[in-house]
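Take a look at the structure set out below.
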Amino acid sequence: PGRGAPRLLVLALLLGAQPDARAEVQVSVPPLVEVMRGESVALNCTPLGVHDYFMLEWFLADRSGARHRLASGELRGSEIRGGVHSSRGRSPPYQLDSQGRLVLAEAQVGDERDYVCVVTVGATVTAEATVRLQVFAKPEATEVAPNRGTLSVTDDVAQEIATCNSHNGNPAPQITWHRNGEPLQVPMEVNSEGYMTSRTVREASGLQSLTSTLYLRLHKTDRDASFHCSVHYFLPKGQHGRLDSPPFGLTLHYPTEHVQFWVGSPATTEGWVREGDSVQLFCRGDGSPSPEYTFYRLQDKQEDVLKTNLEGNLTLERVQRGQSGTYGCRVEDYDADEDAELSQTLELRVAYLDPLELSNGEELALPLGGSLATNCSVQGLPTPTLRWTKDSMPLGEGPTLSLSFVTFDSAGSYTCEASMPTVPLLSRNRILRLLVEGSPELRPEETLPKAAGSWTEGDEVRLVCSARGYPEPKLNWSQMGGSPAEPASGGQGWVSSSLTLKVTSALSQDGVYCEASNPHGNTRHVFHFGPVAPQTSQAGVAVMAVAVSVGLLLLVVAAFYCMRRKGRPGCCRQGEKGAPPPGDPELSHSGSQRTEQTGLLMGGASGGARRGSGGFRDEVGAQDVRVRMPAEVRGRLGDTVELPCHLLSQGPEGNVSQVTWQRLDPPKESQSVAAFHPSHGLSFPSPQFSKERLSFLTMGQSTGAKRGPEMRDATLVLRGLTVKDEGNYSCEFATFPQGTSRGVTWLRAIAQPQNHAEAQEVTLSLEPVPVARCVSTGGRPPARISWFSSLDGEAKESQGPGTLPGTFTVTSRYTLAPSGKADGVKITCKVEHETLEEPDLLPVTLSVRYPPEVSISGYDDNWYLGRSEATLNCDVHSNPEPTGYDWSTTSGVFPVSAIVQGSQVIIHSVDRLVNTTFICTVTNAVGTGRAEQQVLVRDTPRASPRDAGPMVWGAVGGTLLVLLLLAGGSLAFILLRVRRRRKSPGGGGGRGGDGGGGSYDPKTQVFGNGGPPVFWTTTAPGPLRLDGQDAENYEEEEEKAEKGLMLPPPPAPEDDMESQLDGSLISRRAVYV
């Protein structure tokens, strides 16, 4: 106190010295501060103007008006220094920051009070302001409890519908009710139409709960209504929120007003049911709950009760025609009005159709040219319709079938069909088999490949005869080898037999005939061949064979001659200058021989081998060499994963005092995950990693564990891996005396995806559309999708969240402009993921809908007059399958001899009318396609390529023979001429040519090219001629000798030089001393 008085005196003097010391002080304080429950808030109190010194105090005003001092402070320099005097039991306590603000951490509803800020400047100048704090709290989820009983619509008062609850909000929320999404405007006052009650309760925490109950008078229209309640709550800054309850419906009781009674499937629109079907009768009343139904049948105005149940269904098993009549249904609802119509009746009509009867039986035989009239009768209800058909072709309506002047074409099966247009699928038919008796009808197939006069002996021909009649005719041939008679293609009672034979000269006179016979007669047809030419083809082959043989013989002789002369002195051009002597090595142009060098190609690897790290990947980050950890650990979502960590032994052994695992998150501080102390045991401080999820692999679970080798293995086991667990983890060993050793590993969470691919059916288009889809679901990281295809398409990929948090779904769509060529093409989706040992290959077959692509086949450009069984085929590629074929011609007139059978046109006999252009038009569900084929009818068959073969081969063989003979003669002439030129007439020409010893001449010629001396000489001199005889006369005489006109001239030495053993050359005439 002794030291405080001088300070107050000095303060008073300083304030008195200020000219504005007695001026008023104003404080800036917001009148209302809003905050959400649980958040921190700071109440600001700022004096206006510039003051070197002031004192600030905060007070809490209770509901009675009394003030309680909370905190105070003084301005010291630029900061306010002070403290909190009393927090009045608040936790956490009040705080006063350096700016003089009162800080309330974790605001609660109990903090909703008035706070007074008092500022004192000088001794007597003060100012104060009041701050109102309001705390907002979002209520919990809205709960609704509907009335589960049965509510009657006949009550005249409002009934309880449901109760809506909103708990723990601040301030108290508001509740509204909705029906079918529309708000209900109901008052709070009780009335007979509807009202609501509301009750607010303040909880012990200070929060408020609201309960609202809805009462309504219900109507029949509310049976399908949907009700719910909405809670509207308040937020800071004038904002609002809304929480809706789940919708609910009501169970109502209301009487029946109307009844419906009808016949279920399989009834027709006219109400007919088929005899033998099981028929269901349905009865429904509009009352609730479902009333009891009584089914009955009226017979002579008496009710015959059939069944009573709550389902309203009556099944009549296998109804018969006698069950037709009036049926009724009655609803037993005693709450219904007296004037309500509670019963309905209907007429059940059973349709039936008896078997058909034929007046002439099921088989009838008529003579050729006879007539027929037969009747078909039937009994049924409703009246059936009768018609006759043959081979699905309609013949006429009515019960009578009339035929006159029957032919073999008239034979076959005739069907009488009875049907009822008003009752689908109720029909019957009866078949009449008509047999036409008569002498056989013969139809030879003129398939002769050659016109008359062009047959060659040895040609092979196949003859076919077809016949029909009743009884079935027998077919016989005049030649052996005919095949047994078999039914011919096209049906209509034809049987056919074929005969294959070789044409001979005898057949040109008699021909070959086939005969058809039965008990009514026989018919014969003769096949004529005309003149038959000799086998020119054999002569041509023989000529060619001779030519080839002679040519081969000449080639063999020439080759033998050359081989015999090879390597001998007379084989080369001996006697000419520049020819090397035999046995001497052949020199190159440079005078030296090239030696073949070999070398060794050396190569070195670029880079050395990488060293491993104890089976783990290279570590990243600040790794301690004493701690061994993998750089990355991968685990599947939901599985258990181990994080290895080992302390290596290096140098003197130390004691491990503690092992700590931490999670390293760069944005945040490191989070301790697990720890182990020999004395205190295990610890798992993180709420995310509890002891249920974490454990050490080898370290004990109890305290007091010994420091041993097990403390060098700090492997951590994590169960139930989630995406949130992914991150960097450090493992630290605290050792003495070495210190702390640390390692870091990266934990990755992965998940194997589920893959599937499918085709998307598309229609032909010029714009690219997706034709196939490949989906990889639930993978982490996202899978990689690619396509293998021979088509020119592209893939478009999208990515979204997977089925589990943190997983991905990748969708790839293969897109192209669909065409008919793409239909049925197989493409493959390839899915790659690190969890898959091999890529997942998913084949997909494309489906493209396109209109028919049409072409016509069967025309071979050899259609001639009289040709039989010519066929045109309409070939189609389409998706879907064709629904119809239409044949026509460009002239508009379709040949009479052409018969259309679906995709084929069969022409039994080609005539002039076939000489046109045929058009095939095909339709399917997508569109129409067409193709045209022009047919040219010839008068006679076109010559076959094999007819001209022998003549062509003969001509070619003769030409080759002439060429080979000319080539052989020329070769022989040349060889003979060369041989005679090189041959020595007297056998001499060497050193012993004339027997003279010869003199020596010092003019010895020595030849060389810089290396070892090489001497060149003639080893086989040419023909010698007399002295004085010129070369021209000699050649003329030689040619005469070759022709045998005269003998060759006597030999004469052409050169006096003679080769010696040492390689030198000396003259025979020179004298050497």
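The numbering of the sequence shown is UniProt numbering, which starts it at 1 and goes up by one.
The beta carbon of each residue, even a glycine, is placed where N, CA and C say it ideally should be.
8 Å Cβ shell around residue i - same chain, five flanking residues per side excluded
| i | result |
| --- | --- |
| asparagine 518 | Ser439, Pro440, Gly469, Tyr470, Pro471, Glu472, Pro473 and Lys474 |
| arginine 938 | Asn862, Trp863, Tyr864 and Leu865 |
| alanine 931 | Val854, Ser855, Ile856, Cys874, Ile919 and Cys920 |
| valine 526 | Gly511, Val512 and Tyr513 |
| glycine 603 | The predicted position of glycine 603 is uncertain, since its pLDDT is 32 and thus under 50; a value taken from the coordinates is nonetheless stated next. Nothing meets the Cβ criterion. |
Residue i versus the options, residue with shortest Cα-Cα distance
| i | options | result |
| --- | --- | --- |
| methionine 196 | Gln208, Arg217 and Arg202 | Arg217 |
| threonine 777 | Leu356, Asn755 and Ser505 | Asn755 |
| residue 1093 | Val118, Arg88 and Ser402 | Since the first residue of the chain shown is 1 and the last is 1073, residue 1093 is not available in this structure. |
| glutamine 671 | Gly635, Gly638 and Asp725 | Asp725 |
| leucine 102 | Leu836, Thr130, Ala172 and Thr126 | Thr130 |
| serine 98 | Ile80, Gln108, Leu554 and Tyr215 | Ile80 |
| glycine 511 | Ser478, Ser278, Arg223 and Thr640 | Ser478 |
| glutamate 758 | Ala42, Phe689, Pro843 and Cys416 | Pro843 |
| tyrosine 414 | Val406, Leu872, Thr400 and Arg433 | Arg433 |
| tryptophan 494 | Lys502, Val464, Leu553 and Gly482 | Val464 |
| serine 192 | Leu75, Ala127 and Val157 | Val157 |
| serine 878 | Val50, Lys821 and Ala516 | Lys821 |
| threonine 916 | Val935, Thr660 and Val910 | Val935 |
| proline 895 | Gly902, Thr883, Arg912 and Gly884 | Arg912 |
| glutamate 57 | Ala749, Leu75 and Ser798 | Leu75 |
| valine 659 | Ala631, Gln688, Phe696 and Phe689 | Phe696 |
| residue 1120 | Gly325, Leu804 and Leu791 | In this structure the chain extends from 1 to 1073, so residue 1120 is not present and cannot be described. |
| valine 331 | Asn309, Pro882 and Val350 | Asn309 |
Own chain residues within Cβ distance below 6 Å of residue i, not counting five before or after
| i | result |
| --- | --- |
| arginine 202 | Gln208 |
| glycine 312 | Cys283, Arg284 and Tyr293 |
| threonine 809 | Thr777, Gly800 and Gly802 |
| serine 40 | Ala105 |
| glycine 38 | Glu106 |
Classification of residue i by the beta-carbon crowding that lies within 10 angstroms, buried from 16 upward
| i | result |
| --- | --- |
| glutamate 1032 | The pLDDT assigned to glutamate 1032 is 49, lower than 50, so where the model puts this residue is not dependable, and the model offers no usable value. |
| alanine 925 | exposed |
| leucine 425 | exposed |
| arginine 719 | exposed |
| serine 588 | Low per-residue confidence applies at serine 588: pLDDT is 34, beneath 50, and the placement is therefore not dependable, though the value from the model is reported in the following sentence. Serine 588 is exposed by the Cβ-count criterion. |
| phenylalanine 529 | buried |
| isoleucine 907 | buried |
| isoleucine 431 | exposed |
| arginine 443 | buried |
| glycine 361 | exposed |
| serine 496 | buried |
| phenylalanine 788 | exposed |
| valine 893 | exposed |
| threonine 142 | buried |
| glycine 49 | exposed |
For residue i: DSSP bridge partner residues
| i | result |
| --- | --- |
| cysteine 329 | Phe295 and Gln344 |
| aspartate 886 | Thr921 |
| isoleucine 974 | Answer is none; isoleucine 974 lacks a bridge partner. |
| residue 1088 | Within the shown structure, residues of the chain are numbered from 1 to 1073, placing residue 1088 beyond reach of any answer. |
| proline 487 | Val495 |
| glycine 482 | Paired residue(s): none; glycine 482 is not in a bridge. |
| valine 744 | Ser730 |
| proline 183 | His178 |
| phenylalanine 689 | DSSP, once it has assigned bridges, lists no residue as partnering phenylalanine 689. |
| glutamate 160 | Tyr215 |
| valine 135 | Val35 |
Supposed contact pair residue j and residue i - C-beta distance, whole angstroms, cut 8 Å
| i | j | result |
| --- | --- | --- |
| alanine 772 | isoleucine 827 | 6 Å |
| leucine 747 | leucine 637 | Incorrect: roughly 12 Å between the Cβ atoms, too far for contact. |
| serine 812 | isoleucine 785 | 4 Å |
| aspartate 114 | arginine 132 | 6 Å |
| alanine 127 | proline 236 | Contact doesn't hold; Cβ gap of about 28 Å is too wide. |
Close-in-space but distant-in-sequence residues of the same chain around residue i (CB under 7 Å, 5 per side omitted)
| i | result |
| --- | --- |
| aspartate 639 | Leu721 |
heavy atom of the ligand ADP below 7 Å from residue i C-beta
| i | result |
| --- | --- |
| valine 153 | Ligands displayed in this structure: none; no statement on the ligand ADP is therefore possible. |
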